[in-house]
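Encoded as structure tokens, the structure appears first; notes follow it.
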Amino acid sequence: MAAQSETQIEWYTITCGTCTFTLPNRYQEICPIGKGASGAVIRAKDTETGQYVAIKKLLRPFHNSDRAKQTYRELKLLMYLYHPDIDIIQLYNVFTPEKNVDDFSTLYFVFNFVDYNLRQVIKGGKPFSEDHIKQTIYSLLRALKYIHSAYIIHRDLKPENIGIDRDSNVAILDFGLARIASDGIQTGYVVTRWWRAPEVFINWERYDEKLDIWSIGCIMAELIVLQPIFPGQGYLDQLDKIFDIIGTPDITTLHELATEEPRKYISLLKPKPKQDFNRLFGFQYDPATNERISGVSPKGVDLLDRLLSFDPRQRPTAQEALAHPFLKTYHSPEDEPTANPVVDEHQDAEYSVAKWKSIVWKMVQDFVPPQFRINDNPNTIHETI
């Protein structure tokens, strides 16, 4: 928040829901949006721009060194992924009410406000048209192409983390679990189980950006059937739910991808055949009127089949998926930007909480708000649902 000296900013404290926020006076008309394990989010009106924004208060951002590193990483990646024309949540501001690094304990991110998330829309129960599914999946893959080109893996793609506005524009939200891809050795804590790629279950610390591609497949299927397709109740049940639909992998693939324990478990299971994706996800018709009521064309089924390949090596990259015939209407290679790979000298560092604090503190002090705004008409004001 370098544009204005901290001593010039007037602050106020307000309790919203179960969380207390200390905010600059510029943010008014507070309304709660939600609260998760890592943060609480409110909507506010930025009186300097006339826009509504979302403000995320990170919960215990420096609780321990691991949490402090996660805080650093989230801020680093949000700052790096600025782009005026990519469907990614945009960081407008970052601030703390503390006056010095020794007292630094709270941190706030300010984002563009998005009306709903995809989970809320799906729960509404209204079928998505095929073109709406195309538009949504194209936008997500276009954003993923940009993210992955920077060697960043989101790791938590699910309908709740996909914002959508009243014009059906989507945005990828919440980079709290994102990280930079390195040599394939990753931390095991990733994406909510139902949207989690099978390689995370069978080889806990070895995966790559294809993990996000699987999640996009899960989201696409959910747009078709309006419910999660792999609602596992635990680690083993999750694998069973996956095999119920895509079939049990062959022994050669298992030996190539799985560590010993999951390989033994899966090899003892009764083999399950792959279900007919056309029957599950293809066009469905009203028997009385013969009108199409849901589903996607054979080209859409083919793309979904590829996205949900058990073997991540067989899944397309985001760039390859964008070129699939199902998305031909929207695909425009010259309008699908890429980023330079992010360079992070602290990627593999193991610092003390104090050291991480000092790094994040400097990032906050040096932060320069972007010069663009998404949906920057100040008269466009929507109510939170």
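For what it's worth, the numbering used here labels the leading residue of the sequence shown as -2, then goes sequentially.
Glycine is no exception: its CB is placed at the ideal position from the N, C-alpha and C atoms.
Here the structure is a predicted model, which means the values were calculated and not measured.
- Note that the region 232 to 240 does not touch the region 344 to 351; fewer than 3 beta-carbon pairs, one per stretch, sit closer than 8 Å.
- By the Cβ-count criterion, Pro270 is exposed, with fewer than 16 other Cβ atoms from all chains shown falling within 10 Å of its own Cβ.
- Of all C-beta pairs linking the region 284 to 301 to the region 212 to 224, three or more are shorter than 8 Å, placing the two stretches in contact.
- Rounded to the nearest whole angstrom, the CA to CA distance from Tyr148 to Glu45 is 35 Å.
- Selection His129, His60 and Ala194 evaluated against Gly229 yields Ala194 as nearest (Cα-Cα).
- Counting along the chain, Ser136 sits inside the alpha helix (DSSP H) bounded by residues Glu127 to Ser146.
- Judged by DSSP in its simplified three-state form, Gly121 adopts coil rather than helix or strand.
- Between Ile11 and Ile27, the gap from beta carbon to beta carbon is short of 7 Å.
- DSSP places Ile86 in no alpha helix (DSSP H); its state is neither H nor E.
- By the criterion of at least three beta-carbon pairs nearer than 8 Å, the region 148 to 162 is in contact with the region 106 to 114.
- In terms of Cα proximity to Asp164, the closest of Phe172, Leu115, Trp353 and Leu251 is Leu115.
- For Ser355, the enclosing alpha helix (DSSP H) begins and ends at Val350 to Asp363.
- Look at the region 292 to 317 and you find these whole runs of alpha helix (DSSP H), each 4 residues long or longer: 295 to 304.
- Sixteen is the threshold: since fewer than 16 other Cβ atoms of the shown chains lie within 10 Å of the Cβ of Gln117, the residue is exposed.
- Per DSSP, the beta-bridge partners of Gly31 are Val38.
- Going by beta carbons, Ser146 and Asp84 fall outside the 7 Å limit.
- Within the same chain, no residue comes within 6 Å of Ile248 by CB-CB distance, once the 5 residues on both sides are set aside.
- Rounded to whole angstroms, the separation of the alpha carbons of Glu196 and Arg139 is 23 Å.
- When the beta-carbon positions are compared, Pro94 and Thr19 come within less than 7 Å of each other.
- Here Val357 is near Tyr69, since their CB atoms are less than 7 Å apart.
- Under DSSP, Trp211 takes part in no beta bridge, so it has no partner.
- Taken through DSSP and simplified to helix, strand or coil, Tyr49 comes out as strand.
- Judged by DSSP secondary structure, Val107 falls within the beta strand (DSSP E) whose first and last residues are Tyr105 to Asn109.
- Boundaries of the beta strand (DSSP E) harbouring Val167: Val167 to Ile169, taken from the DSSP string.
- Look at Pro334 here: in three-state DSSP terms it is coil, with no helix or strand label.
- The shortest C-alpha to C-alpha distance from Ile52 to any of His80, Ala34, Val91 and Lys66 is the one to Val91.
- Taking the CA atoms as reference points, Pro246 sits about 14 Å from Arg312.
- Here Glu7 is exposed. Its C-beta has fewer than 16 other C-beta atoms within 10 Å.
- For Phe198, there is no enclosing beta strand (DSSP E); the enclosing alpha helix (DSSP H) has its first and last residue at Pro195 to Ile199.
- Between Asn200 and Thr250 a beta carbon distance of about 12 Å is seen, past the 8 Å cut, so the two are scored as non-contacting.
- No residue range can be given for Ile6, since it is assigned to no alpha helix (DSSP H) and is classified by DSSP as neither H nor E.
- Within the same chain, Glu71, Leu74 and Leu75 come within 6 Å of Phe172 by CB-CB distance, once the 5 residues on both sides are set aside.
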